[in-house]
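Undergrad: Counting along the sequence shown from 1, when you hit position 146 you're at 145 in numbering that gives the first Met the number 0, and nothing is skipped either side.
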Amino acid sequence: MSLVQRKGIWQWRKMIDGVMLNRSTKTDDKALATKIARKWDHEAVQQIKVLGERPVTLYDAIDGFLAVRKHTRGYGVAEQQMRHWKKLLPDGPMKSIQKHQVQAAVHEMITLGRATNTVALFITYWNALVNYCVQKRLSPGPKLDRIKPALTRFRVITLAEETAILAELSPDIKYIGKNANTDRCRQDNHDIIVCLSHLAARISEASNLLWSDIDFDRNTILVRRLKNGNNTLALMSKALRAVMERRYPARTNNFVFPTKCGDKNGLSSWLRDLVKRAGISEEGGKITSHTFRHTTATRLLRSGMDITMVQKFLGHKQISSTMVYLHSQPSEVASKALAVFNSA
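1. If I measure Cβ to Cβ from Trp-217 and keep anything under 6 angstroms in the same chain, skipping five residues before and after, which residues do I get?
2. Can you grab the Cα-Cα spacing for the pair Thr-71 / His-197, in whole Å?
3. Terminal residues of the continuous alpha helix (DSSP H) containing Ser-1?
4. What does the Cβ neighbour count give for Ser-206, buried or exposed, with the cut at 16 atoms within 10 Å?
5. Which value, in whole angstroms, describes the spacing of the CA atoms of Gly-314 and Ser-302?
6. Distance, Cα to Cα, Glu-225 vs Ala-277?
7. On the three-state DSSP scale, how would you describe Phe-215?
8. Whose CA, out of Asn-130, Arg-271, Ala-103, Ser-211, lies closest to the CA of Arg-250?
9. Restricting to Cα atoms, I'd like to know which of Gln-10, Ala-60, Ser-280, Asp-214 is closest to Leu-88.
10. For Ile-346, which beta-bridge partners are listed by DSSP?
11. DSSP has Leu-137 in a bridge; who is on the other side?
12. Any idea what DSSP makes of Lys-29, helix, strand or coil?
13. Between the Cα of Met-308 and those of Asp-171, Asn-229, Glu-161, Asp-90, spot the shortest distance and give me the residue it belongs to.
14. For my contact list, Thr-33 and Ile-8 are in at a C-beta cut-off of 8 angstroms; report their separation, rounded to the angstrom.
15. Quick one: Cα of Pro-347 to Cα of Arg-37, how far?
16. Report the rounded CA-to-CA distance for Ile-175 versus Gly-112, giving the unit in angstroms.
17. Could you compute how far the alpha carbon of Gly-63 sits from the alpha carbon of Met-108?
Structure follows, in structure tokens:
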């Protein structure tokens, strides 16, 4: 056992089988620090020599968990979830974390009004962190019971509603507080919604579009799908090309939307107010940035596009992800039944 005093506080240090352990006793009382250190000595021997585990703190475990995902497509989501866990739980040995502490963090997410699926994902990443510790033979924390994700209610907006939204964003209309800066903001918001609709893009994909991925000669735009999907090389519609041709001369860097890239709030800060100004009811479901992706997928299927083609356009890796949009399509049986009724 070794105790070292730093800034008046006793620090515990011990080497076991080549593993150096460091931990603060958080006391300036040497007698108390000695008792704490003896307890930790015993626990460390049990973990390393008997159980074959190496002690690890929560924050070190999180850092290691993120390090192995650094260059994967899911890193952004993992980093966001782990940031929440660091915010809600204090650092300390993973082995010492009690299940009720982790459950309290989940409860706090619920009291903050987070959606069921958001909480379910939060729990999934905690369990993934625990699994990482087990795989690396680090002392793990307690696992949580999973929450079954709720079925997503897809809101599909009509062409009239989309037209109303875009019209409300026009910088040419009269509105309270009109000035050059708010005109630019409205134009940015207008243009990014066109991208969401015409590229079936997620907000993160639209806000991080690059000029280097746009080829005006070939009329193409490469959409880098960020959620474990496949990139999409899309042809620009007339409306989308008009947006890009208008923005290109005023570019300041490689980002198409330099004021939007890295925006973690997406459209949430202004979309709700926009929907109200446009006079659109949300009784049929809340309108979010993802609504435009849902709407585009549904419109493509309704137009008769094959589901595998829609899958490629959306950048889905698995066809099962695309099949959720079939709910908006009358089944083949229903169509044939209608034909029978109409011919009677």
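For each residue, glycine too, the CB sits at the ideal point set by N, CA and C.
Since the structure is predicted, the reported quantities are computational estimates derived from the model, not experimental observations.
TA: Concretely, from the data shown:
1. Numbered from its first residue, the sequence shown carries residue 217 at position 218. Just to set this straight, residue 217 is Arg in the shown sequence, not Trp. Taken in chain order, the list of residues that qualify is empty.
2. On the sequence shown, position 72 is the one that residue 71 refers to. On the sequence shown, position 198 is the one that residue 197 refers to. Whole-angstrom Cα-Cα distance: 27 angstroms.
3. To locate residue 1, count along the sequence shown from 1; it is residue 2. Careful: Ser-1 lies outside any alpha helix (DSSP H), inside the beta strand (DSSP E) at 1-5.
4. As a working note, residue 206 is residue 207 in the sequence shown. Buried: at least 16 other Cβ atoms inside 10 Å.
5. Against the sequence shown, residue 314 aligns to sequence position 315. Against the sequence shown, residue 302 aligns to sequence position 303. Each residue's alpha carbon lies about 19 angstroms from the other.
6. As a working mapping, residue 225 is identified with position 226 in the sequence shown. As a working mapping, residue 277 is identified with position 278 in the sequence shown. The displayed chain sequence assigns Leu, not Glu, to residue 225. So the alpha carbons of these two residues sit roughly 30 angstroms apart.
7. Counted from its first residue, the sequence shown places residue 215 at position 216. DSSP places Phe-215 in coil when its eight states are reduced to three.
8. Locating residue 250 in the sequence shown gives position 251, where the first residue counts as 1. Ranking Asn-130, Arg-271, Ala-103, Ser-211 by Cα distance to Arg-250 puts Ser-211 first.
9. Position 89 of the sequence shown, counting from 1, holds the residue named residue 88. Here the closest residue by C-alpha is Ala-60.
10. Any answer about residue 346 is impossible in this case: the structure gives the chain only from 0 up to 343.
11. Within the sequence shown, residue 137 is the residue found at index 138, counting from 1. The partner list for Leu-137 (beta bridge, DSSP) reads Arg-53.
12. In the sequence shown, the residue the question calls residue 29 occupies position 30. The answer is helix: DSSP assigns Lys-29 an H, G or I state.
13. Within the sequence shown, numbered from 1, the residue matching residue 308 stands at position 309. That would be Asn-229, whose Cα lies nearest to the Cα of Met-308.
14. Here residue 33 refers to the residue found at position 34 of the sequence shown. Here residue 8 refers to the residue found at position 9 of the sequence shown. Incorrect: roughly 14 angstroms between the Cβ atoms, too far for contact.
15. Not covered by the structure: residue 347. The range shown for the chain is 0 to 343.
16. Your numbering for residue 175 matches position 176 in the sequence shown. Your numbering for residue 112 matches position 113 in the sequence shown. If I take the Cα positions, the gap works out to 32 angstroms.
17. Position 64 of the sequence shown holds residue 63. Position 109 of the sequence shown holds residue 108. Answer to the nearest angstrom: the Cα atoms are 24 angstroms apart.
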